[in-house]
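Encoded as structure tokens, the structure appears first; notes follow it.
Residue numbers (the working numbering): 18 to 407.
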């Protein structure tokens, strides 16, 4: 009788080689275990922060305050618009644990996001050393932990964006139509999680032409891809705007006019920003993305990161980014680099990309130390750790 262990080893040897459309890891149990492991660091920080006084001015505090003002006895069209961002509001409403619960949801989202980043790296055959350093550049810094634990609306939007980018790569590079539709729905969820999700959706749509296309070139192919991934978001927002115009003669209750009225102040603040180290660090993140594009000999992706930088500044002008948010520019550009920059084809290029990724880690820490609210949060976490080190 054949040993069951030998049969199992033979089965594994006969397993089909990995393809670029495979999930990572291919085994569902291993995939869930990876998500759980990757969520643990953020979860630990969330539990630590629950033992210290809350940092004032975080997006999560604004979410809790907004939730307390909602009249749940209404059900009209204007009320539906006032629920925006719908995904974050509904998750917060279903959460019975307050700020701690919001942080735990952020930790779970972090596990899904980082697993998907690992999948993108595996699917694009990025060298292991480069993949590890890029992942560390994305997640091994205070900006990421603050983002995940104190800004649930923004981090949900970023997570849905990251999941969408993984499907976008499968759709554009390897012609998976199902992935294209899924990417579109995920971008819609991103846009309904936080105003920055609208920024992320626009970035994904405009970045798609810069990906290598696996299908035969055809007139209008890039435009068709952009339509597929952008239609759900555009359709959902258009529906809400039309309903409000039809019944209330206003495209969106309250928020739009407030942002337009604040434009002069926001413009002055934005100009002043680039006279400070904070602005210089934002620009440094963009320059490092350009250096990666040059290192892998793909200069055509430089306009993509430049466009993202312009869009981020537009979002700042429109008041779409919460004053207590931090790390949006850096994390967005790092994730885009992982997604759209092709793998290096020579040892020298790999070394250069690795060095630039290490530089990104330094930029992230410098940016974290430059933001007062992140500094205060880091001090609170350090104080929570003191009892463990005597």
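We put the CB at the ideal spot given by N, CA and C, even for glycine.
Quick caveat, the model's predicted, so the values are computed rather than measured.
Residue 154 and residue 351: beta carbons closer than 8 Å? Reading the chain shown from its first residue, position 137 is the one you call residue 154. Reading the chain shown from its first residue, position 334 is the one you call residue 351. Yes.
Residue ranges of each alpha helix (DSSP H) within the region 302-343, 4 or longer: Qualifying alpha helix (DSSP H) stretches, in chain order: 319-334.
If residue 51 sits next to residue 132, beta carbons under 8 Å apart, how far is it from one beta carbon to the other, in whole angstroms? Taking the first residue of the chain shown as position 1, residue 51 is located at position 34. Taking the first residue of the chain shown as position 1, residue 132 is located at position 115. Between residue 132 and residue 51 the Cβ distance is about 5 Å, and since that is below 8 Å, they are a contact.
Taking only the alpha-carbon atoms, compute the straight-line gap between residue 382 and residue 150 and give it to the nearest angstrom. Your numbering for residue 382 matches position 365 in the chain shown. Your numbering for residue 150 matches position 133 in the chain shown. Near 15 Å, if we compare the C-alpha coordinates of residue 150 and residue 382.
Between which two residues does the alpha helix (DSSP H) harbouring residue 293 extend? Residue 293 sits at position 276 when you count from the first residue of the chain shown. The continuous stretches of alpha helix (DSSP H) do not include residue 293, and DSSP gives it neither H nor E.
Just to confirm before moving on: does the CB-CB distance between residue 357 and residue 318 stay below 8 Å? Numbered from 1 along the chain shown, position 340 holds the residue referred to as residue 357. Numbered from 1 along the chain shown, position 301 holds the residue referred to as residue 318. The Cβ-Cβ distance between residue 357 and residue 318 falls below 8 Å.
With a cut-off of 8 Å on the beta carbons, I'd call residue 205 and residue 250 a contact; round off their distance for me. On the chain shown, residue 205 is found 188 positions in, with the first residue counted as 1. On the chain shown, residue 250 is found 233 positions in, with the first residue counted as 1. The pair is a contact, with the Cβ atoms about 5 Å apart (cut-off 8 Å).
As assigned by DSSP and simplified to three states, the class of residue 98: As a first step, residue 98 must be located in the chain shown, where it is residue number 81. Residue 98: helix per DSSP, three-state reduction.
Going by DSSP in three states, residue 44 sits in which element: helix, strand or coil? Taking the first residue of the chain shown as position 1, residue 44 is located at position 27. The answer is coil: DSSP assigns residue 44 none of H, G, I, E or B.
Which residue wins for smallest C-alpha separation from residue 379, given the options 354, 62, 43, 305? The residue given as residue 379 occupies position 362 in the chain shown. The option with the nearest alpha carbon to residue 379 is 305.
Could you give the C-beta distance for residue 170 and residue 105, rounded to a whole number, given that I count them as a contact under 8 Å? Position 153 of the chain shown holds residue 170. Position 88 of the chain shown holds residue 105. Right, their Cβ atoms sit about 4 Å apart.
Should the region 338-349 be called in touch with the region 163-179, which here means at least 3 C-beta pairs below 8 Å? As far as the Cβ criterion goes, the region 338-349 touches the region 163-179, which means the pair count is three or higher.
In or out: residue 89 buried (at least 16 other Cβ within 10 Å) or exposed? Taking the chain shown and counting its residues from 1, one reaches residue 89 at position 72. Burial call: exposed.
Helix or strand or just coil, what does DSSP make of residue 127? For the purposes of this step, residue 127 is identified with residue 110 of the chain shown, where counting begins at 1. Note: residue 127 maps to helix in three-state DSSP.
Helix, strand or coil for residue 86 per DSSP? For the purposes of this step, residue 86 is taken as the residue at position 69 of the chain shown. Correct three-state label for residue 86: coil.
Does the Cβ of residue 348 have 16 or more other Cβ atoms within 10 Å, making it buried, or fewer, making it exposed? In the chain shown, the residue the question calls residue 348 occupies position 331. Around the beta-carbon of residue 348, 16 or more other beta-carbon atoms lie within 10 Å, marking it buried.
Look at residue 435 and residue 294 and say whether their C-beta atoms are less than 8 Å apart. Residue 435 lies beyond the range of the chain shown here (18 to 407); nothing can be said about it.
Could you tell me the distance, in whole angstroms, from the CA atom of residue 227 to the CA atom of residue 76? Translated into the one-based positions of the chain shown, residue 227 becomes position 210. Translated into the one-based positions of the chain shown, residue 76 becomes position 59. For residue 227 and residue 76, the gap between their C-alpha atoms comes out near 32 Å.
Leaving out five residues before and five after residue 338 in sequence, what residues of the same chain have Cβ atoms less than 7 Å from its Cβ? Walking along the chain shown from the start, residue 338 turns up at place 321. These residues qualify, in order along the chain: 213, 332, 345.
Which term fits residue 195, buried or exposed, when burial requires 16 or more other beta carbons within 10 angstroms of its beta carbon? Position 178 of the chain shown, counting from 1, holds the residue named residue 195. Exposed, by the Cβ-count rule.
If residue 198 sits next to residue 126, beta carbons under 8 Å apart, how far is it from one beta carbon to the other, in whole angstroms? To locate residue 198, count along the chain shown from 1; it is residue 181. To locate residue 126, count along the chain shown from 1; it is residue 109. The distance from the Cβ of residue 198 to that of residue 126 is about 22 Å, inconsistent with a contact at the 8 Å cut-off.
Just to check my reading of the structure: residue 129 and residue 68 have Cβ atoms closer than 8 Å, yes? What is that Cβ distance to the nearest angstrom? Taking the first residue of the chain shown as 1, we reach residue 129 at position 112. Taking the first residue of the chain shown as 1, we reach residue 68 at position 51. No, residue 129 and residue 68 are not in contact; Cβ-Cβ is about 26 Å, not under 8 Å.
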